[in-house]
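Enquirer: Supplied in structure tokens, the structure appears directly below.
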Amino acid sequence: MRQTGTILAMEWETGSDTSYFNSLRDRLYQYFLDAGIILRPLGNIIYILPPYCVTTEDLNYIYSKIEQALEEI
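According to this note's numbering, the sequence shown is numbered sequentially starting from 1.
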């Protein structure tokens, strides 16, 4: 199998404030940084832009941390 990369954007349900200025950004950024992941949250939207050399194992770790964050935040 051959692939050239991944781009994924996910919108976090936050109720009425669904803008790039949502304060959830700070909590998400710190949460993922503490897990060793650098993601690009803009408000309540997470962007995953891994490098082309990312491994399946690394992507699975990122996805599992996102699932964990959904339960904890």
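Here a beta-carbon is modelled for each residue, glycine too, at the ideal position from N, C-alpha and C. These figures come from a predicted structure and were not determined experimentally.
#1: Please return the same chain residues whose Cβ sits closer than 6 Å to the Cβ of L59, not counting the five positions on each side in sequence.
#2: From the DSSP output, which residues share a beta bridge with R40?
#3: Is it buried or exposed for P51, if we count other Cβ within 10 angstroms and need 16 for buried?
#4: Note down the Cα distance separating Y61 from Q68, rounded to an integer number of angstroms.
#5: Distance, Cα to Cα, A35 vs N44?
Expert: For this structure:
#1: Excluding sequence positions up to five before and after L59, its CB lies less than 6 Å from no other CB in the same chain.
#2: Answer by DSSP bridge pairing, in chain order: Y47.
#3: Flag for P51 reads exposed.
#4: Their Cα atoms are separated by approximately 10 Å.
#5: Computed Cα separation, rounded: 19 Å.
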